[in-house]
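Participant: Have a look at this one.
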Amino acid sequence: MDEGRFKIPRSVLVVIHTPALEVLLIERADHPGFWQSVTGSIDYEQEPLPVTARREVQEETGIVDGELVDWEQDNVYEIYPSWRRRYAPGVTHNTEHVFGLLLPARVPVRLRPDEHIAHQWLPWREAAWRCFSPSNAEAILQLPERVRSE
């Protein structure tokens, strides 16, 4: 995010997984112990959500391949008070659009150390349990059903 520019309260959540339902989680640099899937806000009002999803995956993990699937699911949640300074005054909620990214197997991950400090591949139930975000955990818990329908 550029200095002086507020984040747009529309974002993506991308659950990166293998056919064996292994899920990639990354640990936030600004909040050690907070594990999550790839997330990120749109850069400009008209940025298509699939473009945002691919961009965020590449920026945060270095992954450029995989089958991106739109889960056609939106989550509206209250922005944590400690992160509201990133948004325009008065903005308290974000709309998050959920995607899955299917990879044939685990792949090497290249993190941006200013954003994330560690990664791990976990079985889907364990990954859901480890997520700090309830909407992220819920998305991962849907994974077995989502994979059957992809």
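First residue of the sequence shown? That's 64 in my numbering, and the numbers climb one at a time after it.
Even for Gly, the Cβ is constructed at its ideal location relative to N, Cα and C.
For Val114, name the three-state secondary structure that DSSP assigns.
Facilitator: Working through the sequence shown from its first residue, we reach residue 114 at position 51. Three-state DSSP puts Val114 in a helix.
Participant: Give the C-beta separation of Leu206 and Val78 to the nearest angstrom, bearing in mind that I take them to be a contact with Cβ-Cβ under 8 Å.
Facilitator: Taking the first residue of the sequence shown as position 1, residue 206 is located at position 143. Taking the first residue of the sequence shown as position 1, residue 78 is located at position 15. Contact holds; Cβ gap of about 6 Å.
Participant: Which whole runs of the beta strand (DSSP E) in the region 151 to 187 are 3 residues long or more, in chain order?
Facilitator: Runs found: 156 to 165 and 179 to 186.
Participant: Whose C-beta lies closer than 6 Å to the C-beta of Trp184 among residues of the same chain, with five residues either side of it excluded?
Facilitator: Here residue 184 corresponds to residue number 121 of the sequence shown, with the count starting at 1. So the list reads Glu85, Leu87 and Arg169, once near-sequence residues are dropped.
Participant: Nearest by alpha-carbon distance to Gly163: which of Gly96, Glu123 and Pro113 is it?
Facilitator: Your numbering for residue 163 matches position 100 in the sequence shown. Ranking Gly96, Glu123 and Pro113 by Cα distance to Gly163 puts Pro113 first.
Participant: Have a look at Asp133 and Tyr140 and give me their C-alpha separation to the nearest angstrom.
Facilitator: Residue numbering aside, residue 133 sits at position 70 when the sequence shown is read from its first letter. Residue numbering aside, residue 140 sits at position 77 when the sequence shown is read from its first letter. So the two alpha carbons sit approximately 19 Å from each other.
Participant: By Cβ distance, which residues of its chain are closer than 8 Å to Ile180, with the 5 residues on each side in sequence left out?
Facilitator: One-based indexing of the sequence shown puts residue 180 at position 117. Excluding positions up to five away in sequence, the list reads Glu90, Arg91, Ala92, Pro95 and Leu174.
Participant: Which word fits Ser74, buried or exposed, when buried means at least 16 other C-beta atoms lie within 10 angstroms of its C-beta?
Facilitator: For the purposes of this step, residue 74 is taken as residue 11 along the sequence shown, with counting starting at 1. Counting Cβ neighbours within 10 Å, Ser74 comes out buried, since at least 16 surround it.
Participant: Which value, in whole angstroms, describes the spacing of the CA atoms of Trp98 and Pro111?
Facilitator: What you label residue 98 is simply residue 35 of the sequence shown in a count that begins at 1. What you label residue 111 is simply residue 48 of the sequence shown in a count that begins at 1. Roughly 26 Å between the two C-alpha positions.
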